[in-house]
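Protein chains in written order, with the working numbering: chain A, 127 to 235; chain B, 203 to 342.
Built from N, CA and C at the ideal position, the CB exists for glycine as well.
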Amino acid sequence: MTVKDILATGNFTAISLPDEGREINGVYIGDLLSWVMGRAQADNAWITIMSNINIVAVASLADVACIILAEGVTVDETIKTTAEAKDVNIISTSMPAYEAAMELAKMTV
Amino acid sequence: MAESLYFEYPVDGENFASAGQASTRVKRNLRELGLDSETIRRVSIAMYEGEINMVIHARGGVAKIEVTDSQIIIILEDKGPGIANIEQAMQEGFSTAPDDVRSLGFGAGMGLPNMKRYTDYMNIDSVVGEGTTITMKVNY
Ligand SMILES: Nc1ncnc2c1ncn2[C@@H]1O[C@H](COP(=O)(O)OP(=O)(O)OP(=O)(O)O)[C@@H](O)[C@H]1O
Ligand SMILES: [Mg+2]
Chain A
127 MTVKDILATG NFTAISLPDE GREINGVYIG DLLSWVMGRA QADNAWITIM SNINIVAVAS
187 LADVACIILA EGVTVDETIK TTAEAKDVNI ISTSMPAYEA AMELAKMTV
Chain B
203 MAESLYFEYP VDGENFASAG QASTRVKRNL RELGLDSETI RRVSIAMYEG EINMVIHARG
263 GVAKIEVTDS QIIIILEDKG PGIANIEQAM QEGFSTAPDD VRSLGFGAGM GLPNMKRYTD
323 YMNIDSVVGE GTTITMKVNY
């Protein structure tokens with residue numbers, strides 16, 4: 127499953143998509159950044175409601191495949207351009223984290 | 203590589219929005235050197251946690267990185283308040299982060315434990331009122 131495949135479901139919107147072909151191997155849900163750094167695995171999709179600029183550095187350094195902003199959370203233009211420059215995929219959805227994760231789980235089987 | 207490479211980056215203690223810049227640069231350098239992605243990830247995570255700590259807790263500092271043919275050595279130096287009780291600071295969940303940085307997602311008290319977990323060696327040298335020097339090594 128790639129980030130592009132997730133978008134194709136129609137339930138997610140692209141915010142920053144520098145690497146849409148990136149493979150996703152699982153999901154990590156969390157908002158506390160050090161938990162994400164410590165527990166998310168490389169190539170996970172990271173589902174969060176955190177929307178400040180620091181999520182871009184965390185996603186890049188923890189090497190996750192994409193950030194999925196749940197609950198209809200939005201980000202400002204600076205975050206979008208920073209993410210594009212740092213090669214970080216960000217997509218969003220109006221679904222809560224659990225439902226977004228379920229959507230991805232359906233796709234992996 | 204025959205000789206060691208050295209990188210040095212200032213860590214700005216004022217600018218929260220750009221926190222993580224030194225770690226991001228190191229990641230890019232290690233990629234250019236052709237290191238494997240797992241090693242790069244371990245260095246990136248450990249260094250980011252240390253860099254963020256310097257911004258949140260110590261008003262910035264300097265990051266020094268040495269790449270040898272078998273390990274990456276990360277030295278983070280600050281002239282912040284120091285850590286009075288290192289054993290307590292190393293415990294998962296211990297944090298003195300103020301509310302404004304907690305609202306950004308920091309302050310879980312997991313940074314120092316992450317640094318230990320992702321490195322092969324970690325030492326904290328700290329004097330209250332003078333500053334903190336953290337040395338980490340990642341073998342590859
Ligand atoms: N460079 C430093 N200078 C002074 N105190 C520090 C420094 N680094 C860590 N500390 C102290 O150690 C505590 C624990 O650090 P740790 O990184 O584990 O958690 P945190 O920074 O509070 O939260 P998190 O890293 O999960 O966002 C900090 O709250 C702070 O009191
Ligand atoms: Mg920390």
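query	result
Selection of the stretch 162-176 of chain A by Cβ proximity to chain B, strictly under 7 Å	M163, G164, A168, M176
Neighbourhood of ligand 2 [Cβ distance below 5 Å to any heavy atom], ordered by chain position	B:N255, B:G313
For N316 (chain B) and S328 (chain B), the rounded distance between their alpha carbons	19 Å
Straight-line Cα distance separating G331 (chain B) from G284 (chain B)	6 Å
Amino acids of chain A, ordered along the chain, whose beta-carbon sits closer than 9 Å to that of S328 (chain B)	Per Cβ cutoff of 9 Å: no residues; S328 (chain B) is ~19 Å from chain A at best.
First and last residue of the uninterrupted beta strand (DSSP E) at N341 (chain B)	333-341
Near-chain B residues of the stretch 175-203 of chain A (beta-carbon distance less than 9 Å), N- to C-terminal order	M176, N178, I179, N180, I181, V182, A183, V184, S186, L187, A188, D189
Test: M292 (chain B) CB closer than 7 Å to a CB of chain A	no
CB contact below 7 Å: I336 (chain B) versus chain A	no
Short-range partners of chain A found in the stretch 244-259 of chain B, where Cβ spacing is below 7 Å	S246, I247, Y250, E251
D214 (chain B): CB within 6 Å of a non-hydrogen atom of ligand 1	no
is_contact[F296 (chain B), chain A] using C-beta, thresh 7 Å	no
Start-to-end residues for the alpha helix (DSSP H) that takes in D302 (chain B)	301-304
Within 7 Å, strictly: CB atoms of I173 (chain A) and I194 (chain A)	yes
Which residues DSSP lists as bridging P165 (chain B), in chain order	With chain B covering 203 to 342 only, the question about residue 165 (chain B) has no answer from this structure.
For V199 (chain A), the three-state DSSP class (helix, strand or coil)	coil
Distance between I141 (chain A) and I242 (chain B) (C-alpha atoms, nearest Å)	26 Å
Test item: CB-CB of E197 (chain A) and I175 (chain A) under 7 Å	yes
Contact set between K212 (chain A) and chain B, taken where Cβ atoms lie within less than 8 Å	T226
Close Cβ partners of T270 (chain B) (< 7 Å) along its chain, the five nearest in sequence each way excluded	S206
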